[in-house]
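Asks: Encoded as structure tokens, here's the structure I'll be asking about.
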């Protein structure tokens, strides 16, 4: 089974309710994921997005830039939430989503992976290790980062918060 980085845009009111009713939040997100499963909307139109197995590489690369927001795992716990795959979800407030989107606007996917090779990710034990041990390109990570940048930009433009988890 793979660990997939998952994101869901939620309004400020939905985020508040998620904190008080995590079961409701799970049902909300599952419904949105089901709605989008067939249409697979582009990140600007999507309410949910996954970065596949690129999440750990994104975290590793963003940490090298002193990125100001924890966009891979979220910053705030959803208290009382059950396991959504590999642990409970965490979140970013609308303010932190705006801060992340502004920081992402300053760094392209190409720039994020510049000067880093698969050997460095393998040495650091970045998931999925086998990919980096095989020497595969970081284009996969760059492409997922570009999708994430657009997703965050749209969320920021709408004043949305974010639920984040590993599924």
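Numbering (my numbering), first residue to last: 25 to 191. By construction, the Cβ of each residue, glycine as well, lies at the ideal position given by its N, Cα and C atoms.
Taking the beta strand (DSSP E) that residue 185 falls in, what are its first and last residues?
Replies: Along the chain shown, one-based indexing puts residue 185 at 161. Here the beta strand (DSSP E) through residue 185 covers 185-190.
Asks: By DSSP, does residue 37 sit in helix, in strand, or in coil?
Replies: Along the chain shown, read from residue 1 onward, the residue named residue 37 stands at position 13. DSSP places residue 37 in helix when its eight states are reduced to three.
Asks: Buried or exposed for residue 92, going by 16 or more other Cβ atoms inside 10 Å?
Replies: Within the chain shown, numbered from 1, the residue matching residue 92 stands at position 68. Result: exposed.
Asks: Enumerate in chain order the residues of its own chain whose CB-to-CB distance from residue 120 is below 7 Å, with the five nearest sequence positions on each side excluded.
Replies: The count along the chain shown starts at 1 and reaches residue 120 at position 96. Excluding positions up to five away in sequence, the list reads 93, 99.
Asks: Could you give the distance in angstroms between the alpha-carbon of residue 39 and the alpha-carbon of residue 146?
Replies: Sequence index remark: in the chain shown, residue 39 carries index 15 (1-based). Sequence index remark: in the chain shown, residue 146 carries index 122 (1-based). For residue 39 and residue 146, the distance between alpha carbons rounds to 36 Å.
Asks: By alpha-carbon positions, which one of 88, 132, 109, 179 ends up nearest to residue 28?
Replies: Taking the chain shown and counting its residues from 1, the one referred to as residue 28 is at position 4. Answer by Cα proximity: 109.
Asks: Flag this pair as yes or no: are the beta carbons of residue 133 and residue 170 separated by less than 9 Å?
Replies: Numbered from 1 along the chain shown, position 109 holds the residue referred to as residue 133. Numbered from 1 along the chain shown, position 146 holds the residue referred to as residue 170. Cβ atoms of residue 133 and residue 170: closer than 9 Å.
Asks: Count the other CB atoms within 10 Å of the CB of residue 65; is the residue buried (16 or more) or exposed (fewer)?
Replies: The residue given as residue 65 occupies position 41 in the chain shown. Residue 65 should be labelled exposed.
Asks: From the DSSP output, in three-state form, read off residue 170 for me.
Replies: On the chain shown, residue 170 is found 146 positions in, with the first residue counted as 1. Helix.
Asks: To the nearest angstrom, report how far apart residue 173 and residue 129 are at their CA atoms.
Replies: Counting from 1 along the chain shown, the entry for residue 173 is found at position 149. Counting from 1 along the chain shown, the entry for residue 129 is found at position 105. One C-alpha to the other measures close to 7 Å.
Asks: Report the three-state DSSP secondary structure of residue 114 (helix, strand or coil).
Replies: To locate residue 114, count along the chain shown from 1; it is residue 90. It is a strand residue.
Asks: Classify residue 138 as buried or exposed, calling it buried when 16 or more other Cβ atoms lie within 10 Å of its own Cβ.
Replies: Within the chain shown, the letter at position 114 stands for residue 138. Its Cβ having fewer than 16 others within 10 Å, residue 138 is exposed.
Asks: So, with DSSP's three-state summary, where would you put residue 162?
Replies: Stepping through the chain shown from its first residue, residue 162 is reached at position 138. Three-state result, residue 162: coil.
Asks: Determine the burial state of residue 78: buried for a count of at least 16 other Cβ atoms within 10 Å of its Cβ, exposed for fewer.
Replies: In the chain shown, counting from the first residue as 1, residue 78 sits at position 54. That one is buried.
Asks: Thinking just about the alpha-carbon of each residue, which of 90, 75, 104 is nearest to the one in residue 166?
Replies: On the chain shown, residue 166 is found 142 positions in, with the first residue counted as 1. For residue 166, the nearest C-alpha among the options comes from 75.
Asks: Tell me which residues share the same chain as residue 177 and place their Cβ nearer than 6 Å to its Cβ, disregarding the 5 neighbours each side in the sequence.
Replies: The residue you call residue 177 lines up with position 153 of the chain shown. Counting only Cβ-Cβ distances below 6 Å, and skipping sequence neighbours, we find 125.
Asks: Applying the 10 Å Cβ sphere with the 16-neighbour rule, what's the burial state of residue 32?
Replies: Your numbering for residue 32 matches position 8 in the chain shown. Classification of residue 32: buried, given that the 10 Å Cβ count is 16 or more.
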